[in-house]
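Peer 1:
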Amino acid sequence: MKKLLTLSLAALPVLTSAGITAAADMTGAAPAPIAIESDRVGGVRIGYLDCQIGGGVGYVLGSAKTADCAFTSVIDGEPLDTYSGSIKKLGVDIGFTTRSRVIWAVFAPTAGYHKGSLGGLYGGATAEATIGAGIGANVLFGGTSGSIHLQPVSVSGQIGLNIAATGTSMTLQPSI
(Lines of atoms letter the chains of each structure in order from A and count residues from 1; the text may use other names and numbers.)
(Lines give C-alpha, C1' and ligand atoms only; values in the text may rest on other atoms or scores of the structure.)
Protein backbone atom coordinates (compact mmCIF):
# COMPACT_ATOMS: atom_id res chain seq x y z
CA MET A 1 0.00 0.00 0.00
CA LYS A 2 2.87 2.35 0.88
CA LYS A 3 4.56 1.70 -2.48
CA LEU A 4 1.27 2.31 -4.31
CA LEU A 5 0.76 5.63 -2.56
CA THR A 6 4.38 6.60 -3.31
CA LEU A 7 3.90 5.70 -6.99
CA SER A 8 0.72 7.74 -7.20
CA LEU A 9 2.30 10.76 -5.53
CA ALA A 10 5.36 10.47 -7.76
CA ALA A 11 3.11 10.75 -10.84
CA LEU A 12 1.61 14.06 -9.72
CA PRO A 13 4.59 16.28 -10.75
CA VAL A 14 4.37 14.86 -14.28
CA LEU A 15 0.75 15.96 -14.50
CA THR A 16 1.32 19.37 -12.98
CA SER A 17 4.37 20.02 -15.18
CA ALA A 18 2.03 19.88 -18.19
CA GLY A 19 0.07 22.80 -16.75
CA ILE A 20 0.27 26.58 -16.90
CA THR A 21 3.41 28.62 -17.59
CA ALA A 22 3.63 32.35 -17.01
CA ALA A 23 6.33 34.99 -17.21
CA ALA A 24 6.85 37.21 -14.19
CA ASP A 25 7.52 40.30 -16.28
CA MET A 26 4.40 40.20 -18.52
CA THR A 27 2.57 43.50 -18.82
CA GLY A 28 -1.09 44.16 -19.61
CA ALA A 29 -0.17 46.05 -22.81
CA ALA A 30 1.29 43.09 -24.69
CA PRO A 31 -0.76 40.01 -25.56
CA ALA A 32 0.25 36.89 -23.68
CA PRO A 33 2.41 34.51 -25.72
CA ILE A 34 1.00 31.06 -26.45
CA ALA A 35 3.14 28.43 -24.78
CA ILE A 36 3.44 25.17 -26.67
CA GLU A 37 4.99 22.51 -24.51
CA SER A 38 7.25 19.82 -25.81
CA ASP A 39 7.56 16.38 -24.36
CA ARG A 40 10.87 14.60 -23.88
CA VAL A 41 11.07 13.42 -27.51
CA GLY A 42 10.27 16.75 -29.14
CA GLY A 43 6.51 16.44 -29.64
CA VAL A 44 3.97 19.24 -29.20
CA ARG A 45 1.07 19.00 -26.76
CA ILE A 46 -2.01 19.29 -28.98
CA GLY A 47 -4.77 18.55 -26.48
CA TYR A 48 -6.06 16.07 -23.98
CA LEU A 49 -8.03 12.84 -23.98
CA ASP A 50 -10.68 12.61 -21.26
CA CYS A 51 -11.84 9.02 -20.70
CA GLN A 52 -14.81 7.77 -18.69
CA ILE A 53 -14.09 4.17 -17.69
CA GLY A 54 -17.02 1.86 -16.96
CA GLY A 55 -17.36 0.22 -13.57
CA GLY A 56 -16.77 -3.45 -13.03
CA VAL A 57 -15.43 -6.28 -10.96
CA GLY A 58 -11.83 -7.46 -10.74
CA TYR A 59 -11.66 -11.25 -11.00
CA VAL A 60 -8.37 -11.87 -9.13
CA LEU A 61 -6.44 -12.36 -12.37
CA GLY A 62 -7.79 -9.42 -14.31
CA SER A 63 -10.70 -7.36 -15.58
CA ALA A 64 -12.15 -5.72 -18.68
CA LYS A 65 -13.93 -2.34 -18.70
CA THR A 66 -15.37 -0.08 -21.37
CA ALA A 67 -13.85 3.32 -22.19
CA ASP A 68 -15.62 6.33 -23.72
CA CYS A 69 -13.19 9.15 -24.53
CA ALA A 70 -13.26 12.65 -26.04
CA PHE A 71 -10.24 14.43 -27.52
CA THR A 72 -10.18 18.20 -26.90
CA SER A 73 -7.72 20.53 -28.65
CA VAL A 74 -5.63 23.04 -26.68
CA ILE A 75 -6.16 25.56 -29.47
CA ASP A 76 -9.93 26.07 -29.45
CA GLY A 77 -10.93 24.04 -26.38
CA GLU A 78 -13.74 22.25 -28.24
CA PRO A 79 -14.11 18.46 -28.34
CA LEU A 80 -12.97 17.38 -31.81
CA ASP A 81 -13.25 13.63 -31.76
CA THR A 82 -14.73 10.82 -29.70
CA TYR A 83 -13.42 7.30 -29.16
CA SER A 84 -14.75 4.10 -27.66
CA GLY A 85 -12.82 1.08 -26.58
CA SER A 86 -11.81 -1.10 -23.69
CA ILE A 87 -9.23 -1.39 -20.95
CA LYS A 88 -8.10 -4.91 -20.10
CA LYS A 89 -5.99 -5.78 -17.07
CA LEU A 90 -4.09 -9.00 -16.40
CA GLY A 91 -2.59 -9.49 -12.95
CA VAL A 92 -3.79 -9.00 -9.38
CA ASP A 93 -7.12 -7.14 -9.62
CA ILE A 94 -9.46 -7.79 -6.70
CA GLY A 95 -12.66 -5.89 -5.88
CA PHE A 96 -15.05 -3.59 -7.71
CA THR A 97 -15.18 0.01 -8.88
CA THR A 98 -17.87 2.31 -10.20
CA ARG A 99 -17.16 4.58 -13.17
CA SER A 100 -13.77 6.25 -13.09
CA ARG A 101 -12.08 9.02 -15.05
CA VAL A 102 -8.61 9.26 -16.61
CA ILE A 103 -7.25 12.35 -18.39
CA TRP A 104 -4.22 12.07 -20.68
CA ALA A 105 -2.16 14.87 -22.29
CA VAL A 106 -1.83 14.17 -26.05
CA PHE A 107 1.42 14.84 -27.93
CA ALA A 108 2.13 14.91 -31.69
CA PRO A 109 5.27 15.57 -33.76
CA THR A 110 3.70 18.82 -35.06
CA ALA A 111 0.85 21.09 -33.94
CA GLY A 112 -1.80 19.36 -36.07
CA TYR A 113 -4.47 16.71 -35.51
CA HIS A 114 -6.26 14.40 -37.94
CA LYS A 115 -9.61 12.79 -37.12
CA GLY A 116 -9.16 9.29 -35.70
CA SER A 117 -5.43 9.69 -35.02
CA LEU A 118 -5.65 8.38 -31.46
CA GLY A 119 -7.12 5.02 -32.47
CA GLY A 120 -4.91 2.05 -31.74
CA LEU A 121 -3.54 -0.25 -29.06
CA TYR A 122 -1.73 1.03 -25.98
CA GLY A 123 0.05 -1.21 -23.45
CA GLY A 124 1.72 -0.86 -20.06
CA ALA A 125 0.88 -1.17 -16.37
CA THR A 126 -1.65 0.03 -13.79
CA ALA A 127 -1.61 0.30 -10.00
CA GLU A 128 -4.78 1.18 -8.04
CA ALA A 129 -6.00 1.24 -4.45
CA THR A 130 -9.61 2.08 -3.60
CA ILE A 131 -11.45 2.06 -0.29
CA GLY A 132 -14.48 4.28 -0.90
CA ALA A 133 -12.67 6.87 -3.05
CA GLY A 134 -9.35 5.83 -4.55
CA ILE A 135 -6.58 6.69 -6.97
CA GLY A 136 -4.59 4.87 -9.58
CA ALA A 137 -1.60 5.40 -11.84
CA ASN A 138 -1.45 4.26 -15.47
CA VAL A 139 1.64 3.94 -17.64
CA LEU A 140 0.63 3.21 -21.24
CA PHE A 141 2.56 3.50 -24.52
CA GLY A 142 1.50 2.90 -28.13
CA GLY A 143 -1.07 4.25 -30.54
CA THR A 144 -1.15 4.63 -34.30
CA SER A 145 2.38 4.13 -35.65
CA GLY A 146 3.81 6.05 -32.70
CA SER A 147 3.10 9.38 -34.43
CA ILE A 148 0.66 10.60 -31.77
CA HIS A 149 1.00 9.42 -28.20
CA LEU A 150 -0.58 9.88 -24.81
CA GLN A 151 1.36 11.32 -21.91
CA PRO A 152 3.06 8.21 -20.52
CA VAL A 153 1.79 8.62 -16.93
CA SER A 154 -1.72 9.53 -15.83
CA VAL A 155 -3.52 9.48 -12.51
CA SER A 156 -7.08 8.21 -12.30
CA GLY A 157 -9.80 8.43 -9.69
CA GLN A 158 -12.58 5.98 -8.90
CA ILE A 159 -15.04 4.91 -6.22
CA GLY A 160 -15.34 1.34 -4.91
CA LEU A 161 -13.31 -1.27 -3.03
CA ASN A 162 -10.39 -2.50 -5.12
CA ILE A 163 -6.67 -3.20 -5.28
CA ALA A 164 -4.86 -3.82 -8.56
CA ALA A 165 -1.31 -4.22 -9.85
CA THR A 166 -1.62 -5.35 -13.45
CA GLY A 167 -0.32 -5.35 -16.97
CA THR A 168 -2.78 -3.22 -18.91
CA SER A 169 -3.87 -2.75 -22.52
CA MET A 170 -6.21 -0.09 -23.88
CA THR A 171 -7.78 -0.24 -27.34
CA LEU A 172 -9.37 2.91 -28.84
CA GLN A 173 -11.51 3.16 -31.98
CA PRO A 174 -12.93 6.39 -33.40
CA SER A 175 -16.67 6.64 -32.64
CA ILE A 176 -18.98 7.03 -35.60
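Taken in order, the sequence shown gives residues -23 to -1, 1 to 153; the numbers are from mature numbering (1 follows the signal peptide of the UniProt record, and there is no 0). Glycine included, every Cβ here is placed at the ideal spot set by N, Cα and C.
(1) Comparing alpha-carbon positions, which option in T43, V34, Y25 lies nearest S146?
(2) Mind checking Y36: buried by the 16 CB within 10 Å criterion, or exposed?
(3) Indicate the three-state DSSP secondary structure (helix, strand or coil) for residue 159 in the structure shown.
(4) Quick one: what's L149 bridged to in DSSP?
(5) Using DSSP's beta-bridge definition, name the partner residues of L67.
(6) Terminal residues of the continuous beta strand (DSSP E) containing Q128?
(7) Which value, in whole angstroms, describes the spacing of the CA atoms of F48 and G111?
(8) Kindly indicate which three-state DSSP category V51 falls into: helix, strand or coil?
(9) Run through DSSP, which three-state label would T74 get?
(10) Thinking C-alpha only, which one of A141, I108, G101 is nearest Q38?
(11) Residues bridged to I23 by DSSP?
(12) Starting from the Cα of P56, find the closest Cα among T143, G62, Y90, S77 and give me that residue.
(13) State the Cα-Cα distance for the pair A85 and T59, rounded to the nearest angstrom.
Peer 2: A quick look at the data gives this:
(1) T43
(2) exposed
(3) The requested residue 159 is not part of the displayed model; the chain covers only -23 to 153.
(4) G62, G97
(5) G39, G144
(6) Q128 -> no beta strand (DSSP E), and no H or E assigned at all.
(7) C-alpha separation (whole angstroms): 25 Å.
(8) coil
(9) In this structure, T74 counts as strand in the three-state DSSP scheme.
(10) Inspection of the sequence shows that residue 38 is occupied by Leu rather than by Gln. Closest by C-alpha distance to L38, out of A141, I108, G101, is A141.
(11) DSSP, once it has assigned bridges, lists no residue as partnering I23.
(12) Y90
(13) 17 Å
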